[in-house]
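A.B. asks:
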Amino acid sequence: MNAFIKKHTANAKNDILSGITVALALVPEAVAFAFVAGVDPLVGLYAAFMVGLITAIFGGRPGMISGATGALAVVMVALVKEGNAMGNPSENLGLYYLFLTVILMGIIQMLAGIFKLGKFVRLIPHPVMMGFVNGLAIVIFLSQLDMFKEKVNGKEDWLHGEKLYLMIGLVLLTMGIMYLLPKIIKKAPEALIAIIIVTLIAVFSGLDIPTVGSFIREGGGSGLKGSLPKLQWEIFEKIPLNWQTFKFILPYAFILAAIGLIESLMTLNLIDELTETRGNSNKECMAQGGANIITGLFGGMGGCAMIGQSLINIKGGGRGRLSGIVAAVLLLVFIL
Numbered sequence: 001m002n003a004f005i006k007k008h009t010a011n012a013k014n015d016i017l018s019g020i021t022v023a024l025a026l027v028p029e030a031v032a033f034a035f036v037a038g039v040d041p042l043v044g045l046y047a048a049f050m051v052g053l054i055t056a057i058f059g060g061r062p063g064m065i066s067g068a069t070g071a072l073a074v075v076m077v078a079l080v081k082e083g084n085a086m087g088n089p090s091e092n093l094g095l096y097y098l099f100l101t102v103i104l105m106g107i108i109q110m111l112a113g114i115f116k117l118g119k120f121v122r123l124i125p126h127p128v129m130m131g132f133v134n135g136l137a138i139v140i141f142l143s144q145l146d147m148f149k150e151k152v153n154g155k156e157d158w159l160h161g162e163k164l165y166l167m168i169g170l171v172l173l174t175m176g177i178m179y180l181l182p183k184i185i186k187k188a189p190e191a192l193i194a195i196i197i198v199t200l201i202a203v204f205s206g207l208d209i210p211t212v213g214s215f216i217r218e219g220g221g222s223g224l225k226g227s228l229p230k231l232q233w234e235i236f237e238k239i240p241l242n243w244q245t246f247k248f249i250l251p252y253a254f255i256l257a258a259i260g261l262i263e264s265l266m267t268l269n270l271i272d273e274l275t276e277t278r279g280n281s282n283k284e285c286m287a288q289g290g291a292n293i294i295t296g297l298f299g300g301m302g303g304c305a306m307i308g309q310s311l312i313n314i315k316g317g318g319r320g321r322l323s324g325i326v327a328a329v330l331l332l333v334f335i336l
């Protein structure tokens, strides 16, 4: 037991600091991808918490961060729309079809782990890996563009004038701190320090700028406030468990399972290269599958590895399971 504790707390300081940074970065990502999927922001935040915590504890790649992702959200939006069309809008059936699909997605991913299909990711050529990394960078960049919009008289419009210059200035200041700080102070958690400094400047200067909370409210949510995830028994009450339902959700479940595993295993491969260590791809398949089953049952939109947050964690010094656990638990604290 002592050996286990020592092994997973040897890098405790860096893991905790990096976990805090990741938690702060997870909130806007989870919210943005929930909006992309057409569901409430809390559904994305619950997914980030549950998938993140379970994969951090049981996954095959310590230091890798998982949660709600854009690659899955763009598929989910069609599922939610089709599901809503099957009943009255007030029933919100699309959300419950999503939960059921995420459960089936998790089962498929666990089967991939049982049959040891994860090892085949090692066959992916390096140029494909580079394309994957750069493609996800574009997805992450595009997902942040909504932060440069505001609602005026009920209509959405791009920021302009003083508000736009202020937003760009704060973005550049944050990037500048992250770039220059490591040159001055070695092994500093530059992302966390940048977030703290720029947030303090914004708060104490009384700057009129959007926040994560205002972004959620403008999107139709009730702000960054929720409760503990609850078991969604309504799934089995509102959705008929018959052949028609299975035929509808199965293609989506396969697509989501494939995207989730490919993104997770390619991220695992990338972190292996960066840390010069080797993760367990089949164990990661099992953990991702189990996490999605539980997430679907408790009202989350499912998820997979997040390359952006994983790189923030690794570059911030997070190497162990503790970093992912800290990020997930702190995210739950933000929700509560």
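Residue numbering for the sequence shown follows the working numbering, beginning at 1 and increasing consecutively. Each residue gets a CB set at the ideal place from its N, CA and C atoms; glycine is no exception.
With 16 other CB atoms within 10 Å as the buried threshold, where does E284 fall?
C.D. replies: buried
A.B. asks: What is the rounded straight-line gap between the Cα of N292 and the Cα of L322?
C.D. replies: 20 Å
A.B. asks: Express the C-alpha separation of G161 and A328 in angstroms, rounding to a whole number.
C.D. replies: 37 Å
A.B. asks: Rounded to whole angstroms, how far is the Cβ of G63 from the Cβ of N282, which I believe are closer than 8 Å?
C.D. replies: Not confirmed; about 18 Å, so no contact.
A.B. asks: Between which two residues does the beta strand (DSSP E) holding E150 run?
C.D. replies: 149-152
A.B. asks: So, does the region 302-319 touch the region 264-277, judging by three or more C-beta pairs under 8 Å?
C.D. replies: yes
A.B. asks: Report yes if the C-beta distance between A30 and A48 is below 8 Å; otherwise report no.
C.D. replies: yes
A.B. asks: Does DSSP put K163 in a helix, a strand or coil?
C.D. replies: helix
A.B. asks: Tell me the rounded alpha-carbon separation between A253 and I103.
C.D. replies: 8 Å
A.B. asks: Would you call the CB atoms of A56 and I325 closer than 8 Å?
C.D. replies: yes
A.B. asks: Among residues of its own chain, excluding the 5 on either side of I54, which ones have a beta-carbon nearer than 7 Å to its beta-carbon?
C.D. replies: A287, G290, A291, I294
A.B. asks: What are the boundary residues of the beta strand (DSSP E) that includes E156?
C.D. replies: E156: member of the beta strand (DSSP E) spanning 155-158, first to last residue.
A.B. asks: The alpha helix (DSSP H) that contains R321, what's its start and end?
C.D. replies: 321-335
A.B. asks: With K13 as the anchor, note down where its alpha helix (DSSP H) starts and where it stops.
C.D. replies: 12-37
A.B. asks: Measure the alpha-carbon distance for M105 versus L256 and round it to whole angstroms.
C.D. replies: 6 Å
A.B. asks: Is it right to say G320 is buried, meaning 16 or more other beta carbons lie within 10 angstroms of its own, or is it exposed?
C.D. replies: buried
A.B. asks: How is G67 classed by DSSP in three states: helix, strand or coil?
C.D. replies: strand
A.B. asks: Who pairs with C304 in a beta bridge, going by DSSP?
C.D. replies: G67
A.B. asks: May I ask you to report which of helix, strand or coil DSSP gives M178?
C.D. replies: helix
A.B. asks: Under a Cβ-count criterion, where at least 16 other Cβ atoms within 10 Å of its own Cβ denotes burial, should E263 be classed as buried or exposed?
C.D. replies: buried
A.B. asks: Shortest alpha-carbon distance to T101 belongs to which of A305, F246, Q309?
C.D. replies: Cα-wise, what sits closest to T101 is F246.
A.B. asks: By the three-class DSSP mapping on this structure, what secondary structure does M76 have?
C.D. replies: The answer is helix: DSSP assigns M76 an H, G or I state.
A.B. asks: Between A112 and L261, is the Cβ-Cβ spacing less than 8 Å?
C.D. replies: At a Cβ-Cβ threshold of 8 Å, A112 and L261 count as neighbours.
A.B. asks: Using the rule of at least 16 other Cβ atoms within 10 Å of the residue's Cβ for burial, across every protein chain shown, is T277 buried or exposed?
C.D. replies: exposed
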